[in-house]
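A.B. asks: Protein chains in written order, with full-length UniProt numbering: chain A, 1 to 201; chain B, 1 to 201; chain C, 1 to 201. C-beta atoms are modelled at their ideal positions from N, C-alpha and C, and glycine is treated no differently.
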Amino acid sequence: MFFYLIDVFGTMAFAISGVLTAINKKMDPFGVFVIAFVTAVGGGTLRDVLIGRSPVGWMRDLNYVYVIIAGFFLAVIFRKKLDKLRTSLFFFDTIGLGVFTLIGLEKGLEINLHPVICVALGTMTACFGGVTRDILCNEIPVIFRKEIYATICILGGCVFFLLKALHVPDGLLYILTSGVIIATRLMAVVFKWSLPPLSRD
Amino acid sequence: MFFYLIDVFGTMAFAISGVLTAINKKMDPFGVFVIAFVTAVGGGTLRDVLIGRSPVGWMRDLNYVYVIIAGFFLAVIFRKKLDKLRTSLFFFDTIGLGVFTLIGLEKGLEINLHPVICVALGTMTACFGGVTRDILCNEIPVIFRKEIYATICILGGCVFFLLKALHVPDGLLYILTSGVIIATRLMAVVFKWSLPPLSRD
Amino acid sequence: MFFYLIDVFGTMAFAISGVLTAINKKMDPFGVFVIAFVTAVGGGTLRDVLIGRSPVGWMRDLNYVYVIIAGFFLAVIFRKKLDKLRTSLFFFDTIGLGVFTLIGLEKGLEINLHPVICVALGTMTACFGGVTRDILCNEIPVIFRKEIYATICILGGCVFFLLKALHVPDGLLYILTSGVIIATRLMAVVFKWSLPPLSRD
Chain A
1 MFFYLIDVFG
11 TMAFAISGVL
21 TAINKKMDPF
31 GVFVIAFVTA
41 VGGGTLRDVL
51 IGRSPVGWMR
61 DLNYVYVIIA
71 GFFLAVIFRK
81 KLDKLRTSLF
91 FFDTIGLGVF
101 TLIGLEKGLE
111 INLHPVICVA
121 LGTMTACFGG
131 VTRDILCNEI
141 PVIFRKEIYA
151 TICILGGCVF
161 FLLKALHVPD
171 GLLYILTSGV
181 IIATRLMAVV
191 FKWSLPPLSR
201 D
Chain B
1 MFFYLIDVFG
11 TMAFAISGVL
21 TAINKKMDPF
31 GVFVIAFVTA
41 VGGGTLRDVL
51 IGRSPVGWMR
61 DLNYVYVIIA
71 GFFLAVIFRK
81 KLDKLRTSLF
91 FFDTIGLGVF
101 TLIGLEKGLE
111 INLHPVICVA
121 LGTMTACFGG
131 VTRDILCNEI
141 PVIFRKEIYA
151 TICILGGCVF
161 FLLKALHVPD
171 GLLYILTSGV
181 IIATRLMAVV
191 FKWSLPPLSR
201 D
Chain C
1 MFFYLIDVFG
11 TMAFAISGVL
21 TAINKKMDPF
31 GVFVIAFVTA
41 VGGGTLRDVL
51 IGRSPVGWMR
61 DLNYVYVIIA
71 GFFLAVIFRK
81 KLDKLRTSLF
91 FFDTIGLGVF
101 TLIGLEKGLE
111 INLHPVICVA
121 LGTMTACFGG
131 VTRDILCNEI
141 PVIFRKEIYA
151 TICILGGCVF
161 FLLKALHVPD
171 GLLYILTSGV
181 IIATRLMAVV
191 FKWSLPPLSR
201 D
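1) For T45(C), go through chain A and note every residue whose CB falls closer than 9 angstroms to its CB, in chain order.
2) Over what stretch of residues does the alpha helix (DSSP H) that includes S194(C) continue unbroken?
3) Can you round the beta-carbon distance between F33(B) and F72(B) to whole angstroms, since I take them to be within the 8 angstroms contact cut?
4) Just mark residue 203(B) as buried or exposed, buried being the case when its beta carbon has 16 or more other beta carbons within 10 Å.
5) Using alpha carbons as the reference points, say which of K26(C), G98(C), I16(C) lies closest to K81(C).
6) Give me the Cα-Cα distance between F37(A) and F100(B), rounded to the nearest whole angstrom.
7) Hey, how far is the Cα of G157(C) from the Cα of L46(B)?
8) With a cut-off of 8 angstroms, does the C-beta of A150(C) fall near any C-beta of chain B?
9) Between S54(B), M12(B), R79(B), G43(B), which has its C-alpha nearest V65(B)'s C-alpha?
10) Would you call T132(A) buried or exposed, if buried means 16 or more other Cβ atoms sit within 10 Å of its Cβ?
11) So what's I140(C) in DSSP terms, helix, strand or just coil?
12) Using beta-carbon positions only, say whether I111(A) and D7(A) come within less than 8 angstroms of one another.
13) Under three-state DSSP, which class holds M12(B)?
14) Is it buried or exposed, V67(C), if we count other Cβ atoms within 10 angstroms and call 16 or more buried?
15) Does the Cβ of T151(C) have 16 or more other Cβ atoms within 10 Å, making it buried, or fewer, making it exposed?
16) For L176(B) versus V189(B), is the C-beta distance shorter than 8 angstroms?
17) For I143(C), collect the residues of the same chain with a Cβ closer than 7 angstroms to its Cβ; drop the 5 residues on either side in sequence, then sort them by chain order.
18) For I23(C), would you say it is in contact with chain A, using Cβ-to-Cβ distances shorter than 8 angstroms as the test?
19) So, is D28(B) buried or exposed, given that buried needs 16 or more other C-beta atoms within 10 angstroms?
20) With 16 as the cutoff for other CB atoms within 10 Å, does I77(C) come out buried or exposed?
21) Only counting runs of 4 or more residues, tell me where the alpha helix (DSSP H) segments fall wholly within the UniProt domain "Glycine transporter" (91 to 164) of chain A, in order along the chain.
22) When you compare only the Cα positions, how much space is there between R185(C) and T94(C)?
23) If I'm right that L198(C) touches C153(C) with Cβ under 8 angstroms, what's the distance once you round it to whole angstroms?
24) Is it buried or exposed, Y4(B), if we count other Cβ atoms within 10 angstroms and call 16 or more buried?
25) Could you pull out every residue in the same chain whose Cβ sits closer than 6 angstroms to the Cβ of V180(A), ignoring the five residues on either side in sequence?
26) With a 10 Å radius around its C-beta and 16 neighbouring C-beta atoms as the bar for buried, classify A165(C) as buried or exposed.
27) Relative to the C-alpha of M59(C), which candidate in V119(A), G52(A), L113(A) has its C-alpha closest?
28) If you compare alpha carbons, which of L62(A), R79(A), G52(A) is closest to V41(A)?
29) Using 8 angstroms as the limit for Cβ to Cβ distance, is M124(B) near chain C?
30) Closest by CA to G57(C), which one among G57(A), S54(A), V56(A), V49(A)?
31) Residues of chain A with CB under 9 angstroms from P196(B), in chain order?
32) Take T125(A) as the anchor and find which of K107(A), F191(A), L136(A), I140(A) has the nearest alpha-carbon.
33) Just to confirm my understanding: we take I117(B), look at its own chain, exclude 5 residues before and 5 after, and list those with CB closer than 7 angstroms. What are they?
34) Taking the alpha helix (DSSP H) that M59(C) falls in, what are its first and last residues?
35) Between the alpha carbons of L173(C) and G122(C), how many angstroms are there, rounded?
36) Taking 8 angstroms as the CB-CB cut-off, is I117(C) touching chain B?
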């Protein structure tokens with residue numbers, strides 16, 4: 001239940017980040033809604049398609065759709081004030097990152113995939129929505145350029161399997177994994193950690 | 001049979017619109033063909049992948065491939081005259097919009113998805129081909145910016161379920177739904193209806 | 001075994017071409033790795049998703065992941081010297097083209113798809129990785145503009161079915177098909193063959 005609630009928060013935060021990006025591109029309301037939707041469900045959809053889980057997640061549980069619609073209206077109504085809300089938005093987004101990575105890891109384990117593949121699935125679940133958002137807005141995906149975003153998901157995945165190997169019980173495992181992801185992200189932004197671009201000079 | 005024929009018209013119209021877009025980007029003939037193909041089958045392919053219907057539609061019925069090839073050659077041969085044919089092209093495209101929405105709705109119902117999801121599937125089937133065309137041509141998808149295109153599919157989906165709730169028989173249901181979509185699109189273009197961009201000012 | 005080894009070479013060559021493209025876009029190391037990964041497995045992944053083979057290929061055989069990681073480190077370490085290695089890179093890439101087309105053709109035949117669809121699958125397997133690489137780097141896919149790349153895969157597919165109709169035994173069939181693709185690509189580059197853009201003038 002707690003898990004589900006946080007998933008809902010993450011979905012909404014991702015939807016809101018989609019709305020803000022699309023508004024900056026001067027899209028019409030429908031375009032903005034689609035971008036919000038894709039940002040929120042893109043990662044889980046790619047994961048489900050790749051592992052053959054169909055119909056994909058958001059088609060089975062309508063709550064995701066409702067949450068995205070709510071996030072859309074919230075973001076549109078408060079769009080002029082959202083710059084001031086950027087901190088809380090960032091906070092939700094970070095929670096989403098932790099939870100979505102965890103969900104991706106779990107889905108991979110459910111069908112007995114190798115840990116390395118599970119980590120890839122977790123990272124995809126957390127990051128692909130943002131990638132699609134940026135492609136649809138005709139930009140190089142931000143996660144490939146600026147922030148150590150996906151790298152944190154990979155780190156979280158490694159922590160997850162390390163703890164699992166130590167027989168940490170499930171509840172604690174979930175809390176610690178998402179805790180590591182969330183804490184690292186917060187620190188990465190506070191201390192401006194980033195990976196330098198690979199140049200050829 | 002009539003339904004199938006119109007589907008063929010819609011597929012060809014979408015293929016032709018792909019050819020015209022790609023030629024404007026100075027692509028070579030192969031690139032133009034791929035864009036035509038993707039514009040025509042992209043929506044149905046995404047739908048089939050998301051609901052787990054595989055192999056996807058155009059792999060099972062070769063007629064789609066032949067129709068696209070025919071559309072490709074027609075558009076390439078008559079490319080210098082197609083500006084004058086723009087009206088008839090627009091007409092086919094609009095028929096395609098109505099029929100493809102309907103097909104998406106039906107596929108969703110077949111596997112007992114919720115009406116809201118069916119409407120999303122119908123809209124995707126009708127619109128995603130054009131979205132992919134624009135992404136491959138490195139543009140922000142036109143449906144997110146200029147026209148009320150996808151919004152009409154959503155409207156059509158709502159009409160469909162409203163009529164279904166009123167126990168309208170299938171044949172009439174199909175004709176009315178696609179009729180509403182086609183008529184609304186025609187009016188939208190004639191009267192220049194559009195959604196204003198969501199700005200932050 | 002020989003087949004598998006060449007597949008590995010092709011995968012690595014594609015990964016390396018991804019690394020070089022991404023470095024030119026000034027991406028950070030994670031971005032570069034993702035582009036390498038997508039370039040190498042993108043084609044096979046699309047193929048598997050479209051024919052409903054899940055989990056997709058690289059999730060079942062971890063060797064692909066290891067080969068890509070190796071290719072990534074090789075390319076990053078030797079990135080300043082790779083311009084001089086361009087010829088050998090081009091050679092691997094061409095081998096990859098031949099082998100990947102063949103693999104796509106075979107997967108289509110395995111599930112009894114029509115030859116035309118098999119040729120499309122082979123072409124996708126060989127080309128879609130590069131298309132995704134270019135989209136993620138925000139460019140019009142190079143195969144739609146400059147080189148006769150995909151056209152060679154289609155040619156190779158036709159040769160494959162022609163030879164198959166003549167009851168050429170499997171081993172010879174594979175060698176001849178990939179040989180035709182590799183030889184044509186080499187000649188295309190040496191003699192600067194290309195398709196002219198389709199203009200409207």
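C.D. replies: On the basis of the coordinates in this document:
1) Counted from its first residue, the third sequence places residue 45(C) at position 45. Under the 9 angstroms cutoff, chain A gives L50.
2) Indexing the third sequence from 1 puts residue 194(C) at position 194. Per DSSP, S194(C) belongs to no alpha helix (DSSP H) and is neither H nor E.
3) Locating residue 33(B) in the second sequence gives position 33, counting from the first residue. Locating residue 72(B) in the second sequence gives position 72, counting from the first residue. About 5 angstroms separates the two Cβ atoms, so the contact holds.
4) Here chain B covers residues 1 to 201 and nothing more, so residue 203(B) does not appear.
5) Along the third sequence, one-based indexing puts residue 81(C) at 81. Closest by alpha carbon: I16(C).
6) Walking along the first sequence from the start, residue 37(A) turns up at place 37. Walking along the second sequence from the start, residue 100(B) turns up at place 100. Roughly 21 angstroms between the two C-alpha positions.
7) On the third sequence, residue 157(C) is found 157 positions in, with the first residue counted as 1. On the second sequence, residue 46(B) is found 46 positions in, with the first residue counted as 1. For G157(C) and L46(B), the distance between alpha carbons rounds to 25 angstroms.
8) Start at 1 with the first residue of the third sequence, and residue 150(C) comes out as number 150. Answer yes: the Cβ-Cβ gap between A150(C) and chain B drops below 8 angstroms somewhere.
9) Numbered from 1 along the second sequence, position 65 holds the residue referred to as residue 65(B). The shortest C-alpha separation from V65(B) is found at M12(B).
10) On the first sequence, position 132 is the one that residue 132(A) refers to. Answer is buried; the Cβ neighbour count reaches 16.
11) Looking up residue 140(C) in the third sequence gives position 140. DSSP places I140(C) in coil when its eight states are reduced to three.
12) Locating residue 111(A) in the first sequence gives position 111, counting from the first residue. Locating residue 7(A) in the first sequence gives position 7, counting from the first residue. No, the Cβ-Cβ distance between I111(A) and D7(A) is not below 8 angstroms.
13) Position 12 of the second sequence, counted from the first residue, corresponds to residue 12(B). It is helical.
14) For the purposes of this step, residue 67(C) is identified with residue 67 of the third sequence, where counting begins at 1. V67(C) should be labelled buried.
15) By one-based count along the third sequence, residue 151(C) stands at place 151. The residue in question, T151(C), is buried, as its Cβ has 16 or more Cβ neighbours within 10 Å.
16) For the purposes of this step, residue 176(B) is taken as residue 176 along the second sequence, with counting starting at 1. For the purposes of this step, residue 189(B) is taken as residue 189 along the second sequence, with counting starting at 1. Contact: no.
17) Along the third sequence, one-based indexing puts residue 143(C) at 143. Result list for I143(C): C127, G130, V131, Y149, A150, in chain order.
18) Your numbering for residue 23(C) matches position 23 in the third sequence. Chain A contact via Cβ: present.
19) Translated into the one-based positions of the second sequence, residue 28(B) becomes position 28. Around the beta carbon of D28(B), 16 or more other beta carbons sit within 10 angstroms, so the residue counts as buried.
20) Along the third sequence, read from residue 1 onward, the residue named residue 77(C) stands at position 77. Its Cβ having fewer than 16 others within 10 Å, I77(C) is exposed.
21) 115 to 136
22) The sequence position of residue 185(C) within the third sequence is 185, counting from 1. The sequence position of residue 94(C) within the third sequence is 94, counting from 1. Computed Cα separation, rounded: 7 angstroms.
23) Taking the first residue of the third sequence as position 1, residue 198(C) is located at position 198. Taking the first residue of the third sequence as position 1, residue 153(C) is located at position 153. Going by Cβ atoms, the distance from L198(C) to C153(C) rounds to 20 angstroms, so no, they are not a contact pair.
24) Within the second sequence, the letter at position 4 stands for residue 4(B). Looking at its Cβ environment, which holds fewer than 16 other Cβ atoms inside 10 Å, Y4(B) is exposed.
25) The residue you call residue 180(A) lines up with position 180 of the first sequence. For V180(A), where only same-chain residues beyond five positions count, the Cβ hits under 6 angstroms are G156, V159.
26) Walking along the third sequence from the start, residue 165(C) turns up at place 165. Looking at its Cβ environment, which holds fewer than 16 other Cβ atoms inside 10 Å, A165(C) is exposed.
27) Here the question's residue 59(C) lines up with position 59 in the third sequence. The shortest C-alpha separation from M59(C) is found at L113(A).
28) On the first sequence, residue 41(A) is found 41 positions in, with the first residue counted as 1. Answer by Cα proximity: L62(A).
29) In the second sequence, the residue the question calls residue 124(B) occupies position 124. No, its Cβ sits nowhere closer than 8 angstroms to a Cβ of chain C.
30) On the third sequence, position 57 is the one that residue 57(C) refers to. Per the Cα distances, V49(A).
31) One-based indexing of the second sequence puts residue 196(B) at position 196. D28, P29, listed in chain order.
32) On the first sequence, residue 125(A) is found 125 positions in, with the first residue counted as 1. Of K107(A), F191(A), L136(A), I140(A), the smallest CA-CA separation from T125(A) is found for K107(A).
33) For the purposes of this step, residue 117(B) is taken as the residue at position 117 of the second sequence. The residues are G108.
34) Reading the third sequence from its first residue, position 59 is the one you call residue 59(C). DSSP places M59(C) inside the alpha helix (DSSP H), whose first and last residues are 57 to 60.
35) Within the third sequence, the letter at position 173 stands for residue 173(C). Within the third sequence, the letter at position 122 stands for residue 122(C). So the two alpha carbons sit approximately 15 angstroms from each other.
36) Numbered from its first residue, the third sequence carries residue 117(C) at position 117. Interface residue, yes.
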